[in-house]
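**Q**
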Amino acid sequence: MDKLRIGVVGLRRGAVHCANAAASEMVELVAVCDIDKERADKIAGQYGVKAYYDHRALCADEGIDAVIMATPIDVHADTVVDALDAGKHVMSEVIVATTIEDIRRIGDAIRRSGKTYMMAENYCYIRPLLIVEEMIRRGMFGEVYYAESDYLKDFQEYHPLFPNIGGWRQKTYFGRRGHPYITHTIGPLLHIMDERVTTVSCMASGRAFDMPADSTCALMLKTEKNHLIRLRASFVSPRPDNVTYYSFQGTEGCYQAPQGPTDFHKVYVKGLCRPGEWKNVYEFKDLVSDEWRRYWNAGDYGAGSLDNDTYALYDSGALMMLERFADCVLTGKPAPVSFEDAANWTAAGLLSADSVNLGSIPVDVPQF
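Counted the way the working numbering counts, the sequence shown spans residues 8 to 375.
Take a look at the structure:
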């Protein structure tokens with residue numbers, strides 16, 4: 008096949024995927040689906056494609072090779088299994104599922120169908136992280152033995168109905184302890200380190216409102232290579248949002264993302280930097296191949312540019328992600344974010360709640 012023929016299910020988040028499909032030379036958008044008929048008809052008309060109102064009807068369309076599942080988190084398991092059982096390849100939004108049992112159910116469906124599954128962890132394609140990934144691949148940081156990330160938002164400030172914000176976000180963010188939305192923080196770290204988590208231990212601060220979630224929690228995770236990762240999650244801390252903070256520490260160098268609008272993406276590499284000197288990560292942007300850089304918008308790569316704007320930055324690689332998925336299906340390459348990786352990341356978040364409830368003891372993370 009020349010192009011991957013796709014259908015998009017769930018047209019809130021899925022609207023981004025529709026726009027990227029229209030811009031891609033590797034993908035053809037064939038159909039869209041949403042339970043909101045007005046929304047489905049509007050977007051179908053915008054792109055001149057079929058409209059469906061039930062994901063099972065879209066999955067039965069023989070003219071579709073793959074489905075992008077942008078449904079609410081709490082129905083990922085059912086909708087993804089339906090798509091796989093209908094013989095479709097699947098790129099699913101995060102997280103994989105909301106229970107360990109449902110993660111396993113998706114794994115069984117993947118093996119049963121023989122189709123490609125990839126999780127749409129768009130934060131793996133943040134532009135400065137692509138440069139950092141290449142620096143790490145080339146050994147410029149030496150052995151990376153520690154990494155960290157934060158996911159900090161303030162729903163109290165900008166949501167008028169807090170804590171009753173409704174929908175899947177209320178259940179996901181506030182319906183359990185631990186880190187319920189972990190893949191944006193842990194995913195890019197482990198994707199670059201090329202490791203999986205074996206143990207998670209989580210401490211939490213207690214609650215400031217009448218819902219199960221804690222005001223903040225901190226996780227320590229051990230990887231299969233005995234390396235360490237620290238994560239922090241909060242959805243109620245009074246502060247500007249920070250959802251793209253990452254740091255890597257190696258034996259020869261390190262990277263640290265901005266922690267405010269005047270900060271910048273910075274690296275220190277022994278032998279290339281003076282003692283105590285940070286360099287802007289974009290000084291190393293030529294390390295990234297033209298194949299990757301062709302997705303980036305032209306412009307200034309310094310402090311104060313688009314690349315330091317959290318909400319412009321985090322989805323800057325969504326087209327790249329879509330085309331990586333299409334390339335995997337069309338050529339048979341392994342998915343860059345495989346089911347096994349995605350399941351490991353998701354399970355670490357789900358089991359962080361068990362750790363908190365058991366007194367913050369370490370909890371083993373199963374491999375899938």
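Think of the CB as a built atom: it goes at the ideal place given N, C-alpha and C, for glycine as much as any other residue. These numbers come from a predicted model, not from an experiment.
Less than 8 Å between the beta carbons of I71 and K95, yes or no?
**A** The sequence position of residue 71 within the sequence shown is 64, counting from 1. The sequence position of residue 95 within the sequence shown is 88, counting from 1. Yes, these two residues count as a Cβ contact at 8 Å.
**Q** Might you give, ordered along the chain, the residues of its own chain that have their beta carbon closer than 6 Å to the beta carbon of A90, omitting 5 neighbours on each side?
**A** Working through the sequence shown from its first residue, we reach residue 90 at position 83. Cβ neighbours of A90 beyond the five flanking positions: C66, V74 and V97.
**Q** Please name the residue in G149, E140 and N364 whose C-alpha comes closest to that of S208.
**A** Counting from one through the sequence shown, the residue named residue 208 turns up at place 201. Minimum Cα distance to S208 is reached at N364.
**Q** Return the bridge partner residues of G257 from the DSSP annotation.
**A** Taking the sequence shown and counting its residues from 1, one reaches residue 257 at position 250. In DSSP, G257 forms a bridge with V151.
**Q** Which term fits T258, buried or exposed, when burial requires 16 or more other beta carbons within 10 angstroms of its beta carbon?
**A** For this step, residue 258 is matched to residue 251 along the sequence shown. When all chains shown are included, T258 counts as exposed.
**Q** Return the bridge partner residues of E35 from the DSSP annotation.
**A** Within the sequence shown, residue 35 is the residue found at index 28, counting from 1. In the DSSP output, where bridge partners are listed per residue, E35 has R12.
**Q** Whether or not the stretch 319–335 and the stretch 147–160 are in contact is what I'm after, with contact meaning three or more pairs of Cβ atoms, one per stretch, closer than 8 Å; do they touch?
**A** Taking 8 Å as the limit for Cβ pairs, the verdict is that the stretch 319–335 does not touch the stretch 147–160.
**Q** Under DSSP, the alpha helix (DSSP H) around C335 begins and ends at which residues?
**A** In the sequence shown, the residue the question calls residue 335 occupies position 328. Run containing C335: A325 to T338, per the alpha helix (DSSP H) assignment.
**Q** According to DSSP, R237 sits in a beta bridge with which residue or residues?
**A** Taking the sequence shown and counting its residues from 1, one reaches residue 237 at position 230. Its beta-bridge partners are E155 and M227.
**Q** For M218, tell me which candidate among A211, R184 and I189 has the shortest Cα-Cα distance.
**A** As a first step, residue 218 is located in the sequence shown; it is residue number 211 there, counting from the start. With distances taken between Cα atoms, M218 lies closest to R184.
**Q** Do L238 and F206 come within 8 Å of each other at the CB atom, strictly closer than that value?
**A** Within the sequence shown, numbered from 1, the residue matching residue 206 stands at position 199. Within the sequence shown, numbered from 1, the residue matching residue 238 stands at position 231. One detail in the question is off: residue 206 reads as Thr in this sequence, not Phe. No; because the gap between Cβ atoms is not below 8 Å, this pair is not in contact.
**Q** Report yes or no: do three or more beta-carbon pairs, one from the stretch 54–66 and one from the stretch 30–41, lie closer than 8 Å?
**A** In short, these stretches touch, since the Cβ pair count reaches three.
**Q** When the Cα atoms are used, what is the spatial distance from L18 to T78?
**A** For the purposes of this step, residue 18 is identified with residue 11 of the sequence shown, where counting begins at 1. For the purposes of this step, residue 78 is identified with residue 71 of the sequence shown, where counting begins at 1. So the two alpha carbons sit approximately 8 Å from each other.
**Q** Taking DSSP as the reference, what is the three-state secondary structure of T190?
**A** Numbered from its first residue, the sequence shown carries residue 190 at position 183. Residue state, collapsed to three classes: helix.
**Q** According to DSSP, what are the bridge partners of V40?
**A** Along the sequence shown, one-based indexing puts residue 40 at 33. According to the sequence shown, residue 40 is Cys rather than Val. In DSSP, C40 forms a bridge with V16 and Y59.
**Q** The alpha helix (DSSP H) with S244 in it runs from where to where?
**A** Residue 244 sits at position 237 when you count from the first residue of the sequence shown. Per DSSP, S244 belongs to no alpha helix (DSSP H) and is neither H nor E.
**Q** Over the uninterrupted alpha helix (DSSP H) stretch that includes A211, give me the two end residues.
**A** For the purposes of this step, residue 211 is identified with residue 204 of the sequence shown, where counting begins at 1. Unbroken run through A211 is the beta strand (DSSP E), V204 to A211; no alpha helix (DSSP H).
**Q** Is it the case that the Cβ atoms of T353 and A29 are separated by a distance below 8 Å?
**A** For the purposes of this step, residue 353 is taken as residue 346 along the sequence shown, with counting starting at 1. For the purposes of this step, residue 29 is taken as residue 22 along the sequence shown, with counting starting at 1. Contact flag unset, no.
**Q** In angstroms, rounded to a whole number, what distance separates the CA positions of L358 and R281?
**A** For this step, residue 358 is matched to residue 351 along the sequence shown. For this step, residue 281 is matched to residue 274 along the sequence shown. Their Cα atoms are separated by approximately 42 Å.
**Q** Identify which residue in G173, Q163, Q263 and N233 has its Cα closest to the Cα of K246.
**A** Position 239 of the sequence shown, counted from the first residue, corresponds to residue 246. Per the sequence presented here, residue 246 reads as Arg, with Lys not at that position. Ranking the options by Cα distance to R246, first place goes to Q163.
**Q** Leaving out five residues on either side along the sequence, give the residues of the same chain with a beta carbon under 8 Å from the beta carbon of V88.
**A** Here residue 88 is taken as the residue at index 81 of the sequence shown, counted from 1. Around V88: R112, I113 and A116.
**Q** Between Y252 and A264, how many whole angstroms is the CB-CB distance? I'm expecting something under 8 Å.
**A** Your numbering for residue 252 matches position 245 in the sequence shown. Your numbering for residue 264 matches position 257 in the sequence shown. Contact holds; Cβ gap of about 5 Å.
**Q** Go ahead and label T190 buried or exposed: buried means 16 or more other beta carbons lie within 10 angstroms of its beta carbon, across all protein chains shown.
**A** Counting from one through the sequence shown, the residue named residue 190 turns up at place 183. T190 is buried by the Cβ-count criterion.
**Q** Going residue by residue through the stretch 259–299, where are the continuous beta strand (DSSP E) segments of at least 3 residues, counting only ones entirely within it?
**A** 260–263 and 273–276, all fully within the stretch 259–299.
**Q** Within a Cβ cutoff of 8 Å, which residues of the same chain sit near R20, ignoring the five residues on either side of it in sequence?
**A** For the purposes of this step, residue 20 is taken as the residue at position 13 of the sequence shown. Cβ neighbours of R20 beyond the five flanking positions: A77 and E100.
**Q** Does the Cβ of D371 have 16 or more other Cβ atoms within 10 Å, making it buried, or fewer, making it exposed?
**A** On the sequence shown, residue 371 is found 364 positions in, with the first residue counted as 1. Exposed, since its Cβ has fewer than 16 Cβ neighbours within 10 Å.
**Q** On the three-state DSSP scale, how would you describe V344?
**A** Stepping through the sequence shown from its first residue, residue 344 is reached at position 337. Looking at V344 - three-state DSSP - the assignment turns out to be coil, as it is neither helix nor strand.
**Q** State the DSSP-derived secondary structure class of T105, mapped to helix, strand or coil.
**A** The count along the sequence shown starts at 1 and reaches residue 105 at position 98. Three-state result, T105: coil.
**Q** Do you know whose CA, among M126, G260 and P170, lies nearest F346's CA?
**A** Position 339 of the sequence shown holds residue 346. The candidate whose alpha carbon is nearest that of F346 is M126.
**Q** Nearest to N249 by alpha carbon, out of D161, Y152, I236 and D48?
**A** Taking the sequence shown and counting its residues from 1, one reaches residue 249 at position 242. Ranking the options by Cα distance to N249, first place goes to D161.
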